[in-house]
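Numbering (the working numbering), first residue to last: 122 to 358.
Cβ coordinates follow ideal geometry from the N, Cα and C atoms, glycine included.
Heads up, the thing below is written out as structure tokens.
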């Protein structure tokens, strides 16, 4: 209990043990940061906002993280670990590298939406130089997963020989700005369009690329005209 001030009231324990309490508090702070990242840029977020959104006291926040940059790095670490575990579980038994690439695209879109990281591609510019380097480390872990898939695809001639490192950067540039809609049909359409765009870009055979939903049929099926937003996807041109 060393983190409790002598004259402070006993904090409410939200788990069945102090260790569980700390883990639950950390996840509440992660959820709060994620929600705020969906609404505003990281440099405008304050520790007070995070504490308020998480419904915990400011002192509790500083008991876990010395500043918001340390919190962001822990948040990114959890996102990276979850993404890696999810991806390995899905691709380790899949022999076809094109199918593994397809899985990667979907998993990446799910990750950026779950952790509200879409369109937050300039986080490094909003952090101190020392701590921004750690963001590069997390990006490297994710990039290596994609790099290995692309190298395997070239080895078995599923895609033409090309610089895989350049492909990693281009694919991530394509995916990082996307945010999955909550509507299931729109969500699936965006996933399929992104997947098709990436597979065409790396040179996969047309037989491996799933048919895209018709923009006309989608517009007719929806109450409001969403064709304009659909056509923003490069695949639709």
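| Query | Result |
| --- | --- |
| Close-in-space but distant-in-sequence residues of the same chain around residue 319 (CB under 8 Å, 5 per side omitted) | 222, 226, 292, 295 and 296 |
| Alpha-carbon to alpha-carbon, residue 272 and residue 265 | 10 Å |
| Cβ pair residue 317, residue 333 closer than 7 Å | yes |
| Segment contact, 8 Å Cβ cut-off, at least three pairs: the stretch 203 to 214 with the stretch 173 to 190 | no |
| Reduced DSSP category for residue 300 - H, G, I as helix; E, B as strand; rest coil | coil |
| Backbone CA spacing between residue 219 and residue 302 [nearest angstrom] | 25 Å |
| Inter-residue CB distance, residue 191 and residue 146 (contact presumed, cutoff 8 Å) | 15 Å between Cβ atoms; not a contact. |
| DSSP three-state assignment for residue 282, whether helix, strand or coil | coil |
| CB of residue 175 within 7 Å of CB of residue 158, strictly | no |
| Beta-carbon proximity list for residue 325, same chain, < 6 Å, skipping 5 on both sides | 219 and 280 |
| Where the alpha helix (DSSP H) containing residue 319 begins and where it ends | 305 to 323 |
| Beta-carbon contacts of residue 311 that lie in its chain and below 7 Å, excluding the five residues immediately before and after | 299, 301 and 302 |
| Secondary structure of residue 277, DSSP reduced to three states | coil |
| Neighbourhood of residue 277 by C-beta distance below 8 Å, restricted to the same chain and skipping five residues each side | 218 |
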